[in-house]
Amino acid sequence: MDVTRAATASGSARWHPLAGLANALNARMARWMRRRQGSDRLPVTLERRRLYILPTRAGLAFTALLFLMLLAGLNYANSLALFLTFLLTGFALVVMQQCHRNLLGTEVVAAIAPAVFARSTGALQLTLGNSDDIQRMRLEARLPQGALVRADLAAHTQQRLELPLAAPRRGLVRIERWRLSTAHPFGLFRAWTWVHTEITMLVYPHPHGNLPMPVDSARNAGVRAHAGAGADEWAGLRPFRDGDSPRQVDWKAYAREAPLLVKEYVQAASELRIFDYAQLGALDQETRLSQLARWVVDAEAHGERYGLTLPGAQIAPDRGPEHRHRCLAALALFALERGQP
Amino acid sequence: MAEVATPAAAGASLRPLVWTCAVFAGGVLLHADRVPSWAAAVAVLLIVWRLLTAYRGGGYPGVAARALLALTLVVIVLLRFHTLNGLAAGTTLLLLMAGLKLLETRAARDQFVMVAAALFLLLAACLDRQELVRAPLYGLQAWLCCGALAVIAAPATSARAALALAGRGLLLAVPLALLLFVFFPRLPGAFWAIPRSDLALSGLSDTMTPGSIGLLATSYEPAFRVQFDGPAPPPQERYWRGPVLHEFDGQTWRRIPADLRAHRPREHLGTAYHYRVQLEASHQRWWFALDTPTQAPDARVLLTADDVLIGAEPLADPVSFDQISYTHTRSSQPLDAAARRQDTALPPSGNPRAHALAASLRERAGSDAALVEAVLDYLRSGGFVYSLEPERLGSDAIDDFLFRTRVGFCGHYASAFVVLMRAAGIPARVVTGYLGGEWIPYGSYFLVRQSEAHAWAEVWLEGRGWARVDPTAVVAPERLERGILDLIPQDLPARARLLHASPWLNELLQRWDAANAWWTNHVVSFDFETQLNLLERLGIRSPDARSLGWAFMLALCLWLAVIAWHVGRSIRPARPDPLSRAYARLCRKLARIVPRAPHEGPLAFGAALIAKRPEVRTSVLPLLERYAELRYGCPSPGTRALDIEQFRRAVARLSL
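Which chain is which? The protein sequence lines are A and B, in order. Taking the numbering used here, the leading residue of the first sequence gets 7, the next gets one more, and so forth. Taking the numbering used here, the leading residue of the second sequence gets 205, the next gets one more, and so forth.
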């Protein structure tokens, strides 16, 4: 399965006098299509009812050209000119069929947006499938905001595409719909469909801050007595995850062209840490959340057991990826109404 | 396989540009022999320039330079054609402006504009010439243009894939094109007239010097084709009348401005020949017909007093018409004085010996008819030779011919004969046209080639009216029976002789001409009237727009359905290979324990099975492992088929 990442398309952000009108029209169309199609439950096979097709700008120009040719042919009663016109007309109609066929029957297998840290770029990961004999060329997936990625799907294959998704702030990024389209083979027509999937991308707070990690001294005093400080035990290597500290990356392995790996240590006797929001009283809310996120990431990386105490919520000490996610999600959604700070 | 949509990736490939240049070059080629040669050269130069800058890098002219260049070219075209309205001027201008556009062609949009220009050039070529031999060229250019569209839309497309895509699209479009061609309503006339062409092709002109017709003798081009409805006239009566020339200045015969006087009453004698003529696009105004046509075939055509059919416009397209002709007429009324004066006029001086000869023959002959015979006798017995390459004549051309060189082509004999007649006071005129025609059995028609061009004479005999006299016939009687190529092959160029000498080649040529005739008749001349005729023949009584529309919509829907079926035809799921089939069967059997999730490979599936029911470990796990090995391992090619068969049997034997 290939993975394709898209560069953010440099959208034509030129101001247009009719832009306001076009936007209003687009919004109306979006609402209408949403009502008409309902929301999608993946996997979805694209059927005729939900495909739309219109001539592209080149297609419209081609139509105008055909009209002029028809006029000239009729005016001179010139048989060859008329035949040429009719041949190209038929050609355009065949192209319309081919374009429609290129999209019809495509399967949208999955669409997910894994959680990321704020101030990085996330991705909408799409898995498209083609269980037909034909090759599907130049399928284009794009978000309403403008990121676009293009892929060819050979017969009987699946392919994963990644649409970049900016994550500037912690919280939720909602993707209500995205578009799958194609203008293959001649660029005279564009067939498209909107996929309405309720996808939310969780954005963790940006892990930042250099306050020392608090120690739950009350419960740890005895344990620390018979294990030397910093006596970390080598636990192994695991793949790099967003948020890992660069200090833990196995750079030597990376230099040998191995993938980016992170050294994991388990403390001989795991420490128990409780990260408390209330203890960071001197800072503002977002800075506190960033610091807490930093601690969660570091503690998890060191294999420590940690818990989180937020106003109105408490997460019992534990460790592991799921626990890490639960803590970071709690931080991401802390004091948010409808996903936005 | 996947491509990232960055602007850099779109501009990196030169393929769309090369295609754009190729289709534009194709457009230039279609017009290369019609536009001024400097214009074609400029277009080619611009193509080369653009390609060079694309491959090696280099400067493009700035906006100001391009604008200046464009303006200069427009002015040059204006100076050359004195207009921009007209096919030749318009095509030249399109060629030059599209060439300039090529210089600033970078984005896909510009390339699309270039393909549109190439299609316009193709349209202009269709409007200009519709010969059968050019039709494949036009088809090829249309194919290339569509291929270029594919490459512009997806620059990674290989030439082969682009041509395959375009070819498939065009082939599927042919049925609809034929349907539209037959049923799309045509217009009875033009709604906007653009001058088509100022170009004269070979053919008879409205003047004649004695040698001018000989220039046509080597041209194999068809002039027109004739299909008789009933018997054809005998070979010695196959005179096809073109311009009739009255004025003579000592060297050149000229037409007088269209003779619009009323027809003198006359009788038609002998057989009435009914026939249909298909004229080639000669860019001249003559509508050729058998000797004495009886009516003007068309409102655009005039039948003059000297029996010539003259069209209002030069023939830019082939045209067909029905006609009835006679080869003999009689008029008992006298010739009116003005006509007699005009047809006995000679230059005041010159050719004294011819005048003297005419006077002496006149004295001896008892009547006008006897004088005609006497002059013909003189030509017959005077040692005259029929040749395509006579000597140059001096200032007294007729004297020089009659008394010194005595070698000439039909123009010389007709000219000398008419001068002798006029010198003797008998009204006479030169008629130019064609004599003969080649029978083409494949289409049952006569083909008259330019090489058949001929000149003869008509004299006014009291009591008989205008009578045809062919002085060439007494010098070279075999000319009546056979074409010019048979007669004097030694004077013709080697190519024409070769064509003529080989019967096989000749047959091929005849077949080719029959194909051309069919093309001209059924394709090129398919117009409003033919369309109505066809619809009536198809059973539509009074073809009106509504029934036509219904029939057309029905046919269109049918075609669309067929196309949709054809385009979607490849969607049959492919039959999986034997290994996949056996594995699918295994999975179906195991689904009773736990169904395989789509994402599970064989080993993960095995783990899930064992977790659910540990006792299947020995029976199922080896099978799944075997499948993984066969599918993903390194097989030994020799035994693979056998291994798969064994696996299939093991799956069949498995019972849970």
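Here a beta-carbon is modelled for each residue, glycine too, at the ideal position from N, C-alpha and C.
Inset, instruction - Please confirm if G810 of chain B has its CB atom under 8 angstroms from at least one CB of chain A. - result: Translated into the one-based positions of the second sequence, residue 810 of chain B becomes position 606. Taking Cβ atoms only, chain A never reaches closer than 8 angstroms to G810 of chain B, which makes this a no.
Legend entry - For V679 of chain B and L583 of chain B, believed in contact at Cβ under 8 angstroms, the rounded distance: In the second sequence, the residue the question calls residue 583 of chain B occupies position 379. In the second sequence, the residue the question calls residue 679 of chain B occupies position 475. Indeed, because the Cβ distance is near 6 angstroms, the residues count as touching under 8 angstroms.
Inset, instruction - State the Cα-Cα distance for the pair T133 of chain A and L758 of chain B, rounded to the nearest angstrom. - result: By 1-based counting over the first sequence, the position of residue 133 of chain A is 127. By 1-based counting over the second sequence, the position of residue 758 of chain B is 554. Distance between the alpha carbons of T133 of chain A and L758 of chain B: 41 angstroms.
Inset, instruction - Quick one: grab the DSSP three-state call for H658 of chain B. - result: Numbered from its first residue, the second sequence carries residue 658 of chain B at position 454. Of the three classes helix, strand and coil, the one that applies to H658 of chain B here is strand, per DSSP.
Legend entry - Under 9 angstroms by beta carbon: chain B residues contacting N136 of chain A: On the first sequence, position 130 is the one that residue 136 of chain A refers to. Correct list: empty, because the minimum Cβ distance to chain B is about 11 angstroms.
Legend entry - L342 of chain A - DSSP class collapsed to helix/strand/coil: Against the first sequence, residue 342 of chain A aligns to sequence position 336. Of the three classes helix, strand and coil, the one that applies to L342 of chain A here is coil, per DSSP.
Legend entry - I378 of chain A (DSSP reduced to helix, strand or coil): Here chain A covers residues 7 to 347 and nothing more, so residue 378 of chain A does not appear.
Inset, instruction - Give a yes or no on whether the C-beta atoms belonging to H202 of chain A and R183 of chain A are separated by under 8 angstroms. - result: The residue given as residue 202 of chain A occupies position 196 in the first sequence. The residue given as residue 183 of chain A occupies position 177 in the first sequence. Against a cut-off of 8 angstroms, the Cβ pair of R183 of chain A and H202 of chain A comes out as a contact.
Inset, instruction - For P191 of chain A, decide whether its Cβ has a neighbour in chain B, counting only Cβ atoms nearer than 8 angstroms. - result: Within the first sequence, the letter at position 185 stands for residue 191 of chain A. Yes, because at least one Cβ of chain B sits closer than 8 angstroms to the Cβ of P191 of chain A.
Inset, instruction - Give me the Cα-Cα distance between V824 of chain B and G810 of chain B, rounded to the nearest whole angstrom. - result: Numbered from its first residue, the second sequence carries residue 824 of chain B at position 620. Numbered from its first residue, the second sequence carries residue 810 of chain B at position 606. About 7 angstroms.
Legend entry - Interface flag, T188 of chain A vs chain B, CB-CB below 8 angstroms: As a position in the first sequence, residue 188 of chain A is number 182, starting the count at 1. Judged by the 8 angstroms Cβ criterion, T188 of chain A is not in contact with chain B.
Inset, instruction - Answer yes or no: does any C-beta atom of chain B fall closer than 8 angstroms to that of F97 of chain A? - result: Counting from one through the first sequence, the residue named residue 97 of chain A turns up at place 91. For F97 of chain A, the answer is yes, since a Cβ of chain B falls inside 8 angstroms of its Cβ.
Inset, instruction - Compare the Cα-Cα distances from L250 of chain B to each of B:R238, B:P426 and B:F228 and report the closest residue. - result: Position 46 of the second sequence, counting from 1, holds the residue named residue 250 of chain B. The shortest Cα separation from L250 of chain B among B:R238, B:P426 and B:F228 belongs to B:F228.
Legend entry - Reduced DSSP secondary structure (H/G/I, E/B, other) of A476 of chain B: Indexing the second sequence from 1 puts residue 476 of chain B at position 272. If DSSP states are grouped into helix, strand and coil, A476 of chain B belongs with coil.
Inset, instruction - Output, in chain order, the set of chain B residues within a Cβ distance shorter than 8 angstroms of V101 of chain A. - result: Along the first sequence, one-based indexing puts residue 101 of chain A at 95. Under the 8 angstroms cutoff, chain B gives G373.
Legend entry - L267 of chain A, buried or exposed, once every other Cβ within 10 Å from all chains shown has been counted against 16: Along the first sequence, one-based indexing puts residue 267 of chain A at 261. Burial call: buried.
Inset, instruction - Mind reading off the beta-carbon distance from Q482 of chain B to T724 of chain B? Whole number of angstroms is fine, and I expect it under 8 angstroms. - result: Within the second sequence, numbered from 1, the residue matching residue 482 of chain B stands at position 278. Within the second sequence, numbered from 1, the residue matching residue 724 of chain B stands at position 520. Contact between Q482 of chain B and T724 of chain B holds, since their C-beta atoms are separated by about 6 angstroms, short of 8 angstroms.
Inset, instruction - Taking C-beta pairs closer than 9 angstroms, name the residues in chain B that M39 of chain A reaches, listed in chain order. - result: Position 33 of the first sequence, counted from the start, is the residue given in the question as residue 39 of chain A. Correct list: empty, because the minimum Cβ distance to chain B is about 24 angstroms.
Inset, instruction - Using a Cβ cut-off of 8 angstroms, pull out every chain B residue sitting near L66 of chain A, in sequence order please. - result: Here residue 66 of chain A corresponds to residue number 60 of the first sequence, with the count starting at 1. The contacting residues do not exist; L66 of chain A stays about 11 angstroms from chain B at best.
Legend entry - Amino acids of chain B, ordered along the chain, whose beta-carbon sits closer than 7 angstroms to that of R144 of chain A: Here the question's residue 144 of chain A lines up with position 138 in the first sequence. The answer, in chain order, is A358.
Legend entry - Run of the beta strand (DSSP E) containing A196 of chain A, from where it starts to where it stops: Working through the first sequence from its first residue, we reach residue 196 of chain A at position 190. Contrary to the premise, residue 196 of chain A reads as Arg rather than Ala in this sequence. Run containing R196 of chain A: F195 to V201, per the beta strand (DSSP E) assignment.
Legend entry - Any C-beta of chain A under 8 angstroms from that of Y342 of chain B: Position 138 of the second sequence, counted from the start, is the residue given in the question as residue 342 of chain B. Yes, Y342 of chain B counts as interfacial toward chain A.
Inset, instruction - Please classify K305 of chain B: is it buried, with 16 or more other beta-carbons within 10 angstroms of its beta-carbon, or exposed? - result: Here residue 305 of chain B refers to the residue found at position 101 when the second sequence is read from its first residue. Buried, because 16 or more other Cβ atoms sit within 10 Å of the Cβ of K305 of chain B.
Legend entry - C-alpha distance - V9 of chain A paired with E168 of chain A, whole-angstrom precision: By one-based count along the first sequence, residue 9 of chain A stands at place 3. By one-based count along the first sequence, residue 168 of chain A stands at place 162. Because the pLDDT at V9 of chain A is just 47, under 50, the model does not fix this residue reliably, and the point stays unresolved.
Inset, instruction - Return the first residue and the last residue of the beta strand (DSSP E) that M219 of chain A is part of. - result: Numbered from 1 along the first sequence, position 213 holds the residue referred to as residue 219 of chain A. Unbroken run through M219 of chain A: none, as it is neither H nor E.
Legend entry - Contacting positions in the stretch 521-555 of chain B - beta carbon closer than 7 angstroms to chain A: none
Legend entry - Cutoff 7 angstroms; reference A209 of chain B; Cβ partners in own chain excluding five residues on either side: To locate residue 209 of chain B, count along the second sequence from 1; it is residue 5. Low local confidence applies: a pLDDT of 40 at A209 of chain B is under 50, so the model's placement there is unreliable, and no value is given.
Legend entry - N720 of chain B classed as buried or exposed, judged by whether at least 16 other C-beta atoms fall within 10 angstroms: Residue mapping note: residue 720 of chain B aligns to position 516 of the second sequence, counting from 1. Result: buried.
Inset, instruction - Following the continuous beta strand (DSSP E) through L136 of chain A, name the residue where it begins and the one where it ends. - result: For the purposes of this step, residue 136 of chain A is identified with residue 130 of the first sequence, where counting begins at 1. Rather than Leu, the amino acid found at residue 136 of chain A in this sequence is Asn. From DSSP, the beta strand (DSSP E) with N136 of chain A extends over S126 to N136.
Legend entry - Bridge-paired residues (DSSP) for S416 of chain B: Here residue 416 of chain B corresponds to residue number 212 of the second sequence, with the count starting at 1. Bridge partners of S416 of chain B: none, in fact.
Inset, instruction - Check the Cβ-Cβ distances between P327 of chain A and every residue of chain B, and say whether any is below 8 angstroms. - result: Looking up residue 327 of chain A in the first sequence gives position 321. Chain B contact via Cβ: absent.
Inset, instruction - Over the uninterrupted alpha helix (DSSP H) stretch that includes A25 of chain A, give me the two end residues. - result: Counting from one through the first sequence, the residue named residue 25 of chain A turns up at place 19. A25 to Q43 is the extent of the alpha helix (DSSP H) around A25 of chain A.
Legend entry - Straight-line gap, H190 of chain A to L713 of chain B (C-alpha atoms, nearest Å): For the purposes of this step, residue 190 of chain A is taken as the residue at position 184 of the first sequence. For the purposes of this step, residue 713 of chain B is taken as the residue at position 509 of the second sequence. The straight-line gap from Cα to Cα measures roughly 46 angstroms.
Inset, instruction - Whole angstroms is fine: what's the gap from G641 of chain B's alpha carbon to E595 of chain B's? - result: On the second sequence, position 437 is the one that residue 641 of chain B refers to. On the second sequence, position 391 is the one that residue 595 of chain B refers to. Near 28 angstroms, if we compare the C-alpha coordinates of E595 of chain B and G641 of chain B.
Inset, instruction - Measuring alpha carbon to alpha carbon, tell me which of B:R544, B:Q527 and B:A436 ends up nearest A632 of chain B. - result: Taking the second sequence and counting its residues from 1, the one referred to as residue 632 of chain B is at position 428. Out of B:R544, B:Q527 and B:A436, B:R544 has the C-alpha closest to the C-alpha of A632 of chain B.
Legend entry - Helix, strand or coil at L391 of chain B according to DSSP, with G and I counted as helix: Counting from 1 along the second sequence, the entry for residue 391 of chain B is found at position 187. L391 of chain B: coil per DSSP, three-state reduction.
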